[in-house]
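Residue numbers (this note's numbering): 30 to 307. Beta carbons are placed, not taken as given, at the ideal position from N, Cα and C, and that holds for glycine. The model shown is predicted, which means the values in this text are computed figures rather than measured ones.
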Ligand code: ATP
């Protein structure tokens, strides 16, 4: 059984179609990233899957249940990091994590969770006194404390400094290695590339591309841009396979110290896909 199955999902807000017929399958144990510009419908989709919003149409199955009607037992199997979490600011980090741990049947030890998100030094601090990135780490702690089978992460690393982001990536990889299925949204393409087994790009409420980080939007077949300094100045050629060109340059005794070969980044592919829909 797949962790998430979505067929023809639609959501309309007072006449505005935010999600327009999405099909999506996330298999168990997979890390799946949902990308897309502001307003594309990512949060709407994720919150429907979490059971936090009602859908207008379509079929949704999450861990075998319909999130629109699933009960407490189902809720105990999923973990959620909302985009705009409303922390209880007067509690300390430990109190907050302990409180949420109490809602689950078999929670992780509170200290272990606080350590995993890198907040050990702040465990006694009131949430109100934390920085934005540190608060976000509390949100992540609350998402994982219940040992979820399926974890939803809506823009989890917004406000994280680069070191904290890397630490978070390690945490996600460790959870994935334990078998946790993860659905994440992010605006950081390098994050999607680092974490996702598969990803989908949402634009204007529809999926415009789906694939692996290596193949999305024809990336695997995209040409390599070769640049080098010739006697006539900088030269650039774009080729699917640059081998022959490189051999020729070597033979001609070209200055290879200036040679660069670049392929489109995931961000290039993404921007191309988004641009094509506008
Ligand atoms: P972002 O990257 O900015 O978080 P998103 O892809 O998550 O964007 P959504 O929050 O799902 O986008 O919003 C999709 C569309 O639905 C937007 O046009 C938004 O204005 C609209 N929308 C979202 N929530 C509501 C709501 N509660 N009431 C009315 N319209 C809404």
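Burial of residue 234 is indicated by the presence of at least 16 other C-beta atoms within 10 angstroms of its C-beta. Per the CB criterion, closer than 5 Å to any heavy atom of the ligand ATP, the qualifying residues run in chain order as 42, 47, 67, 68, 69, 70, 71, 72 and 73. Per DSSP, the unbroken alpha helix (DSSP H) holding residue 125 starts and ends at 122-130. When the beta-carbon positions are compared, residue 232 and residue 65 come within less than 8 Å of each other. Residue 293 and residue 214 have their alpha carbons spaced roughly 22 Å apart.
Distance from the CA atom of residue 225 to the CA atom of residue 206, rounded to whole angstroms, is 13 Å. Beta-bridge partners of residue 86 (DSSP): 39.
Within the DSSP secondary-structure output, residue 197 pairs in no beta bridge. Annotated three-state conformation of residue 46 is strand, per DSSP. By the Cβ neighbour-count rule, residue 32 is buried, with 16 or more other Cβ atoms within 10 Å of its own. Measuring C-alpha to C-alpha distances from residue 218 to each of 295, 37 and 90 identifies 295 as the nearest.
Nearest neighbour of residue 259 by Cα position, chosen from 272, 165, 302 and 285, turns out to be 285.
Nearest to residue 56 by C-alpha distance, out of 35, 253 and 142, is 35. Buried is the label assigned to residue 79, since at least 16 other Cβ atoms lie within 10 Å of its Cβ. Take the alpha-carbon of residue 237 and the one of residue 301: they are about 11 Å apart. The closest CA to that of residue 30, considering only 90, 81 and 62, is found on 90.
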